[in-house]
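Chains as they are written, first to last, in this note's numbering: chain A, -7 to 317; chain B, -7 to 317.
Number of protein chains: 2
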Amino acid sequence: MAKSKKEWVVGIDLGGTKIYAAVIDRKGTILGSERKKTKSELGFPATVSRMADCARQAVVNAGVSWDGIRAVGVGSPGPLDMKKGMIIESPNLAWKEAPLKKELKRLLKKPVYVDNDCNVGILGEHAYGAAREARDVIGFFVGTGIGGGIIIGGKLLHGFNENAGEIGHVILDPHGPRCGCGNNGCLEAFASRLSIEREIRAAIAAGTPSPLFEGVENPDAPIRSRRLLEAYLAGDPAVVPAINRSAEYLGYATAGMLNIFNPEVVVIGGGVVEALGALYVDRVREVAVANCFKISSRNVRIVEAALKDDSAVLGAAVLAWSHCR
Amino acid sequence: MAKSKKEWVVGIDLGGTKIYAAVIDRKGTILGSERKKTKSELGFPATVSRMADCARQAVVNAGVSWDGIRAVGVGSPGPLDMKKGMIIESPNLAWKEAPLKKELKRLLKKPVYVDNDCNVGILGEHAYGAAREARDVIGFFVGTGIGGGIIIGGKLLHGFNENAGEIGHVILDPHGPRCGCGNNGCLEAFASRLSIEREIRAAIAAGTPSPLFEGVENPDAPIRSRRLLEAYLAGDPAVVPAINRSAEYLGYATAGMLNIFNPEVVVIGGGVVEALGALYVDRVREVAVANCFKISSRNVRIVEAALKDDSAVLGAAVLAWSHCR
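Structure follows, in structure tokens:
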């Protein structure tokens, strides 16, 4: 229920390279925001202190009073200990057992709630984006790796060990390429940005005539998503098959999820998808629908994420508001 | 809440070959039962009439009064129109748009509730069997095909088109063998009894020295599960790899489900599993745990179904009781 008193929450998206904090009202409007570099290499205390500064500056930028901030929600890389709000371990941040909730609460003197970055991403899309008013939703976020989030009956699915949603690690070929998780043939090993890149480099090494690295100063640097789009549009013979393979395997994974969960909406987001847009999502949808039961895809929306960079801060705000009376 | 008045429900398991009805109290005790052949080839009206006779005879066998029967629950092959209690189509029964709920209600003059056979199977295991008191459960039933059921937060997951749980059709290799559903490399195409049998026959045709059909009158008849067990125990070189492949692919599918749903219990049941028991389930568990995140399988039970033939009638009773005040 709306209150007459002016109140807001702060949503924070903690990423491997940047911290993004936004001041958000009950309707999901962003009143102001701030970004800082994560600098996780300086250690957890330095980063959590930067998060607190970022939150405070966002409140200043929003022009609202600090007293009106009810709570703080955070989307964090995982896996997490959800009850303690602790990062158990994160390959992107290189910390172990980092007490995120406790420290941020100590610094900001506000209630703090923490969940997995992909979980809050899909919460954001569910509240304000591509999956509004849907009961059952699956989100795939295709970036460096592939993460996901699942909403059942309008609520996030956390699972027995609070680790549900690791949708990048559904097995699509037990004899397929090695995945970062140590197993073989996970979706992530076929479809993530790193997998696309590995496939492109292998094709070029094998002699595929590609102009991708012509005139590029440092060809060993990660290939940016925008560069992938340009090369795809130009028909680069190393890039096109690698991106198509990514979309197709995401389509196969989606087909399985349609048969198993039979969700109302499948949201496809993340850096790769933001860059390629409909070129990518249309192919995912086509393969998914062709490979599941007709009834599993009937009237199901398979759509691009709508909130781009804001999905995690908005979802973190939903998380924070869910704890406010 | 328990009532002092004596009351029961009838649970009916409608299978491709037999109808099994049982009278069940609020505690899940079977007081009496009856079995009849389905004879679906005689048409839907004949079968539904046999179901009604079977239910009435079960009540007589239980020695309880017909007036004390509160409701009837049915587990039926699908896909179903859940609201209408109608079988949309069933390959095992060869009917289309069969109004099961309506007709059975007309014949028995009791409230009738219908759900998918695998859904009521996992409801039964959840209430009285291998998954008691678990919040999130996945069930795989390995028979002629592979069906499944999913419980989230203690409730069956039906999904947007009421077709959730088609867990036999998660894709494990997009370039794998053709599946009965028309797509390639579904779990069912690697692990069902039909797939095991196809694999065995292909191995024998290719010259694998197997005594499986020696002295068998009709080698083209389906291989019974008990015969598979004997051949497996005897080390038959055509049978052992086919069964191991089935268990391994079910293990890969389970690994994916552990990463995605992170359930508390995975129940493995169905004819193949009943015949092979721990020989099969141990291999599924081993492959599943080796191919998912450690945290996804921590303290998760991957166990054989406990109720055997009774899981569907007991689950159908749970369904019926859930509608009784």
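Note that beta-carbon positions come from the ideal geometry of N, C-alpha and C, so glycine has one too.
Of the listed residues the options, nearest to residue i (C-alpha basis)
i, options, result
"His315 of chain B", "B:Ala14, B:Arg18 and B:Lys(-2)", "B:Arg18"
"Glu256 of chain A", "B:Asn254, B:Gly140, B:Ser25 and B:His150", "B:His150"
"Ser57 of chain A", "A:Tyr120, A:Asp45, A:Trp313 and A:Val15", "A:Val15"
"Gly199 of chain A", "A:Arg317, A:Gly113, A:Ile143 and A:Pro229", "A:Pro229"
"Val51 of chain B", "B:Glu26, B:Asp302, B:Ala86 and B:Leu221", "B:Glu26"
"Ala239 of chain B", "B:Lys97, B:Phe182 and B:Val305", "B:Phe182"
"Thr21 of chain B", "B:Leu34, B:Lys31, B:Ala54 and B:Ser32", "B:Ala54"
"Gly299 of chain B", "B:Arg170, B:Gly269 and B:Asp274", "In the sequence under discussion, the amino acid at residue 299 of chain B is Leu, which differs from the Gly named in the question. Nearest of B:Arg170, B:Gly269 and B:Asp274 to Leu299 of chain B, Cα basis: B:Gly269."
"Leu148 of chain A", "A:Asn175, A:Asn108 and A:Asp212", "A:Asn108"
"Lys(-2) of chain B", "B:Pro37, B:Ala44 and B:Asp59", "B:Asp59"
"Asn190 of chain A", "A:Asn175, A:Glu95, A:Asp128 and A:Leu220", "Looking at the sequence provided, one finds Arg at residue 190 of chain A rather than Asn. Closest option to Arg190 of chain A, Cα to Cα, is A:Leu220."
"Pro37 of chain B", "B:Val2, B:Trp87 and B:Trp0", "B:Trp87"
"Leu250 of chain A", "A:Val281, A:Ile11 and A:Arg317", "A:Val281"
"Gly227 of chain B", "B:Lys28, B:Leu271 and B:Ser32", "B:Leu271"
"His161 of chain B", "B:Val1, B:Val232 and B:Tyr241", "B:Tyr241"
Exposure of residue i, with buried meaning 16 or more beta-carbon neighbours within 10 Å
i, result
"Asn291 of chain A", "exposed"
"His167 of chain B", "exposed"
"Ser(-4) of chain A", "With a pLDDT of 48 at Ser(-4) of chain A, under the threshold of 50, the predicted position of this residue should be treated as unreliable, and no value is reported."
"Thr39 of chain A", "buried"
"Glu209 of chain B", "exposed"
"Glu154 of chain B", "buried"
"Leu225 of chain B", "exposed"
"Thr9 of chain A", "exposed"
"Met(-7) of chain B", "Because Met(-7) of chain B carries a pLDDT of 44, less than 50, the predicted location of this residue cannot be relied on, and the following value inherits that uncertainty. Exposed is the call here."
"Glu125 of chain A", "exposed"
"Arg42 of chain B", "buried"
"Ala13 of chain B", "buried"
"Arg277 of chain A", "buried"
"Gly35 of chain B", "exposed"
"Gly207 of chain B", "exposed"
"Ala213 of chain A", "exposed"
"Glu95 of chain B", "buried"
"Lys97 of chain A", "buried"
"Ala223 of chain A", "buried"
"Ala318 of chain B", "Residue 318 of chain B lies beyond the stretch modelled for chain B, which goes from -7 to 317, so this question has no answer here."
Residue i and residue j closer than 8 Å at C-beta
i, j, result
"Val259 of chain B", "Ala156 of chain B", "no"
"Asn283 of chain A", "Ile163 of chain B", "yes"
"Phe133 of chain A", "Gly261 of chain A", "yes"
"Gly243 of chain A", "Val279 of chain A", "yes"
"Met78 of chain B", "Pro91 of chain B", "yes"
"Tyr120 of chain A", "Ala312 of chain A", "no"
"Asn254 of chain A", "Ser288 of chain A", "yes"
"Ala304 of chain B", "Gly67 of chain B", "yes"
"Lys76 of chain A", "Lys93 of chain A", "yes"
"Phe285 of chain A", "Cys173 of chain B", "yes"
"Ile351 of chain A", "His118 of chain A", "Residue coverage of chain A in this structure runs from -7 to 317, which leaves residue 351 of chain A outside it and unanswerable."
"Glu169 of chain A", "Asn175 of chain A", "Residue 169 of chain A is actually Pro in this sequence, not Glu. No, Cβ-Cβ distance for Pro169 of chain A and Asn175 of chain A is not below 8 Å."
Rounded Cβ spacing between residue i and residue j (contact assumed at less than 8 Å)
i, j, result
"Pro69 of chain B", "Leu6 of chain B", "7 Å"
"Val64 of chain A", "Ile159 of chain A", "Incorrect: roughly 27 Å between the Cβ atoms, too far for contact."
"Gly139 of chain A", "Cys110 of chain A", "4 Å"
"Ile192 of chain A", "Leu179 of chain A", "So it is not a contact: roughly 18 Å between Cβ atoms."
"Gly113 of chain A", "Gly248 of chain A", "About 21 Å; that fails the 8 Å criterion."
"Leu100 of chain A", "Ala47 of chain A", "6 Å"
"Gly131 of chain B", "Val310 of chain B", "Their Cβ separation, rounded to whole angstroms, is 14 Å, which puts Gly131 of chain B and Val310 of chain B out of contact at 8 Å."
"Arg185 of chain B", "Gly135 of chain B", "6 Å"
"Ala267 of chain B", "Ser202 of chain B", "So it is not a contact: roughly 18 Å between Cβ atoms."
"Glu195 of chain A", "Ala234 of chain A", "Glu is not the amino acid found at residue 195 of chain A; the sequence shown has Ala there. At roughly 7 Å, the Cβ-Cβ gap stays under 8 Å, so Ala195 of chain A and Ala234 of chain A are in contact."
"Val273 of chain B", "Val265 of chain B", "6 Å"
"Phe152 of chain A", "Asp128 of chain B", "6 Å"
### Length-filtered (4 minimum) alpha helix (DSSP H) runs lying within the segment 74 to 142 of chain A
For the segment 74 to 142 of chain A, whole alpha helix (DSSP H) runs of length 4 or above, ordered along the chain, are 92 to 100 and 109 to 120.
### beta strand (DSSP E) segments (min. 3 residues) lying fully within the segment 274 to 310 of chain A
With a minimum length of 3 residues, the continuous beta strand (DSSP E) runs that stay inside the segment 274 to 310 of chain A are 293 to 296.
### Query
Which ranges does the alpha helix (DSSP H) cover as unbroken runs of at least 4 residues, wholly within the segment 182 to 206 of chain A, from first to last along the chain?
You should have 185 to 197.
### Query
If you scan the segment 244 to 271 of chain B from start to end, which runs of the alpha helix (DSSP H) of 4 or more residues do you find wholly inside it?
Along the segment 244 to 271 of chain B, the alpha helix (DSSP H) occurs as fully enclosed runs of 4 or more residues at 263 to 268, listed in sequence order.
### Query
Which parts of the segment 8 to 35 of chain A are runs of the alpha helix (DSSP H), unbroken and 4 residues or longer, counting only runs that do not cross its ends?
The segment 8 to 35 of chain A contains no whole alpha helix (DSSP H) run of 4 or more residues.
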